[in-house]
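In the working numbering, the protein residues as written are 775 to 1122.
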Ligand SMILES: Nc1ncnc2c1ncn2[C@@H]1O[C@H](COP(=O)(O)OP(=O)(O)OP(=O)(O)O)[C@@H](O)[C@H]1O
Ligand SMILES: [Mg+2]
């Protein structure tokens, strides 16, 4: 099957969804790096096709397990039945899975339309932050020690994350001359190794602003891209999102936009913690808060001076640029004292 041929793509969708009446038109969607994603147009509605090659679509030299698409399909199916079905509302939910071809590593999704990625949303604020916090708090809480969720086992992706993210921190810091590079690199590497061991709850795994789509009046939020989902640990979602919000605020084009992002961040934490309720002590205890600080630091480093600088907020800036230096200093502070992140960022 050659998906780059629009006729084959359209035929694939028509075979998979017999009631779908195609217009014959398909368009590649930009925005992703790992997979090939297209919109296939129908007479009544369009659908989205996502195909995972056994490498990074935009960097074919880097192999990555195509099983990731099976994980995405499995999680989207979980949202069709309790307990996750209870989280999905028209206000906030993932797109619906329409079809999965696991042999061809391809899924067909409901097209949620041309919504805005969170990093492009003008004046994000508290409402979106609390909805997101509450959604992810409920996701973690309702799947905590849930045996059937353990099948969402994305070890191949956790192994890749260990190699390309956590294990790269020591060398990155050493390239900037930090005397603590080895010690901090070791902390990050150990966290990546811990993420290969048994987890606590279902995590989304790639909770960054481009996985969050919203309409401009924020009535509808759609969480896309569940291929990194894993029965893992909450910090990998919470700290990941907080790191991205911190970077968005740091690179915000205006003071007003920065304030909106900070409000969102505060509302996210509040919404998250209150949705955890009594499970907070088990799910987001001191150990988890420390891990969150380490992940937060590691994520900022790979986005500013590491493997994932390209195409994002610090793209093209040299390591001695004041904004990069400030971000690196923040990351190092959190790696040195992981509790600092929480003590500083958590709302009163
Ligand atoms: N169900 C959907 N409805 C509408 N648009 C979508 C849908 N799924 C994805 N898109 C669009 O396609 C883009 C790429 O999709 P997605 O993020 O799933 O790809 P990816 O290759 O996994 O990305 P990444 O490299 O970030 O992992 C999204 O940013 C979004 O704009
Ligand atoms: Mg993805």
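Glycine is no exception: its CB is placed at the ideal position from the N, C-alpha and C atoms.
Selection around ligand 2 by beta-carbon proximity, strictly under 6 angstroms to any non-hydrogen atom, yields 806, 808, 980, 999 and 1001 in chain order. DSSP, reduced to helix, strand and coil, places residue 943 within a helical segment of the structure shown.
Taking a contact to require three or more Cβ pairs closer than 8 angstroms, the region 957-970 and the region 887-902 do not qualify as touching. The three-state secondary structure of residue 825, taken from DSSP, is strand. The criterion of a C-beta distance shorter than 8 angstroms is satisfied by residue 805 and residue 984.
Beta-bridge annotation (DSSP): residue 1046 is not paired with any residue. The DSSP-derived three-state label of residue 805 is coil.
The way I'd put it, the region 995-1009 doesn't touch the region 1019-1029; fewer than three beta-carbon pairs between them come closer than 8 angstroms. Per DSSP, residue 1020 is not a residue of any beta strand (DSSP E); the alpha helix (DSSP H) it occupies stretches across 1009-1024. Exclusion of the five residues before and after residue 788 leaves 794 and 796 as the residues of its chain whose Cβ lies within less than 7 angstroms of its Cβ.
Judged by the Cβ position, residue 869 qualifies as a neighbour of ligand 1 at the 7 angstroms threshold, a heavy atom of the ligand being closer than this.
Between the alpha carbons of residue 909 and residue 1103 lies a distance of about 31 angstroms. Looking at the backbone, the Cα of residue 856 and that of residue 975 are separated by about 15 angstroms. Under the three-state reduction of DSSP, residue 960 is assigned to helix. For residue 917, the closest alpha carbon among the candidates 1118, 1056 and 831 is that of 1056. Inter-residue distance for residue 1099 and residue 947 is about 12 angstroms (C-alpha atoms, whole angstroms). In terms of side-chain proximity, the C-beta atom of residue 1004 is found no nearer than 7 angstroms to any non-hydrogen atom of ligand 1.
Under the 8 angstroms Cβ criterion, the region 986-997 does not count as touching the region 1067-1087, having fewer than three qualifying pairs.
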